[in-house]
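In terms of numbering that gives the first Met the number 0, the sequence shown opens at residue 0 and continues consecutively.
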Amino acid sequence: MAARRFNLPAKLPIQIIGPTTLQKAREAYSARWGRPWPESDSYLAELVIEAKQIEGLPPGSKARPDAVRETTLDLMRADHEF
Numbered sequence: 000m001a002a003r004r005f006n007l008p009a010k011l012p013i014q015i016i017g018p019t020t021l022q023k024a025r026e027a028y029s030a031r032w033g034r035p036w037p038e039s040d041s042y043l044a045e046l047v048i049e050a051k052q053i054e055g056l057p058p059g060s061k062a063r064p065d066a067v068r069e070t071t072l073d074l075m076r077a078d079h080e081f
């Protein structure tokens, strides 16, 4: 078998973070601040991954979903002062 001469691209954040996680983050944002999250799912997935890093978790981890969601909400709010 021949060796590969190129590296496969890494997954995009939107490919790592599932639609249920994104929907729950959007719902929590709306419930807390009474307005919809105005940005794309791709950007929200980046914030979820950042929240996981802050919590000391790898991007694909499903551990501590409540803590990750709270950190994600903080990042979402910090990004959209109103």
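All residues carry an ideal CB built from backbone N, CA and C; glycine is no exception.
All values derive from a computational prediction rather than experimental measurement.
Measure the C-alpha to C-alpha separation of Q14 and A24 and round it to an integer number of angstroms. The residue given as residue 14 occupies position 15 in the sequence shown. The residue given as residue 24 occupies position 25 in the sequence shown. Looking at the backbone, the Cα of Q14 and that of A24 are separated by about 16 Å.
So, helix, strand or coil for P58, using DSSP? The sequence position of residue 58 within the sequence shown is 59, counting from 1. Reduced to three states, the DSSP call for P58 is coil.
By the three-class DSSP mapping on this structure, what secondary structure does A77 have? Position 78 of the sequence shown, counted from the first residue, corresponds to residue 77. In the structure shown, A77 sits in a helix (DSSP, three-state: H, G or I).
As a quick exercise: from A62, R63, K51 and P12, pick the residue whose alpha carbon is nearest that of Y42. If you number the sequence shown from 1, residue 42 lands on position 43. The shortest C-alpha separation from Y42 is found at P12.
Under three-state DSSP, which class holds R11? Along the sequence shown, read from residue 1 onward, the residue named residue 11 stands at position 12. Per the sequence shown, the amino acid found at residue 11 is Leu instead of Arg. Here L11 sits in coil by DSSP.
How about I16 and I53: do their beta carbons lie closer than 8 Å? By one-based count along the sequence shown, residue 16 stands at place 17. By one-based count along the sequence shown, residue 53 stands at place 54. Annotated as distal: I16 and I53, with beta-carbon spacing of 8 Å or more.
Less than 8 Å between the C-beta atoms of L56 and L74, yes or no? As a working mapping, residue 56 is identified with position 57 in the sequence shown. As a working mapping, residue 74 is identified with position 75 in the sequence shown. The Cβ-Cβ distance between L56 and L74 does not fall below 8 Å.
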